[in-house]
Structures are given as C-alpha cells and as structure tokens.
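Data block below; observations after.
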Amino acid sequence: VMAVADGPLERRADGKVHFVRVTVDYVDGAYTVASAGGQGSHQLSAMAGADGLAVLPDGVGIPDGGDVEVILLR
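Its first residue numbered 14, the sequence shown is counted upward by one per residue in the working numbering.
This is the structure we're talking about:
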C-alpha cells in the first residue's frame, strides 16, 4: 500500500533498496507510517512493534509528509 510518512524515514545512499520497520495507522481513509525505532538487527522491540516495512529506494530517504510504499505485516 502507499502511505504518508509521519516523520522522516532516513537512510544512506548505497545502491540498495532498504526496508525500514514502521508502525502503521489508518486514519480518515489514508495510511500513515512512522519509524518503529532502531533499525539494527539487535533492536528486538522495534521488530516486535512493527506493523509494516517501508520500502526505501536508493537515495537519502523519505521526508516528513512524503509518500512511501509499505508492505503490511498484519
């Protein structure tokens, strides 16, 4: 689904697609997402609290209010 970023989703340009753990809300017919917290492999609470994965193409990320593709996990 497409969603609006509620806060920036940052990443570094490295030639890869990144998948960022996010929390997803559905309000007034639109999805919004925010970072679920730390993105390191040791960040288990962020993994457990994530509702989706934001798909960030190569580049600098998604600004606050930007559109982002999300894979829903629930």
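Yeah, the Cβ is synthetic: ideal placement off N, Cα and C, and Gly gets one too.
Judged by DSSP in its simplified three-state form, Ala63 adopts coil rather than helix or strand. Counting only the Cα atoms, Asp64 lies some 19 Å from Pro70.
Gly78 has its alpha-carbon roughly 22 Å from the corresponding atom of Leu86.
Contact between Leu22 and Gly74 holds: their C-beta atoms lie close to 5 Å from each other, under 8 Å. Non-local beta-carbon contacts of Ile84 in its own chain, meaning distances under 7 Å to residues more than five positions away in sequence, involve Gly65, Leu66, Val68 in chain order. Annotation for Tyr39: no residue places its beta carbon closer than 6 Å to its own, counting only its chain and skipping 5 residues before and after. Collapsing the DSSP output to three states places Gly74 in a strand.
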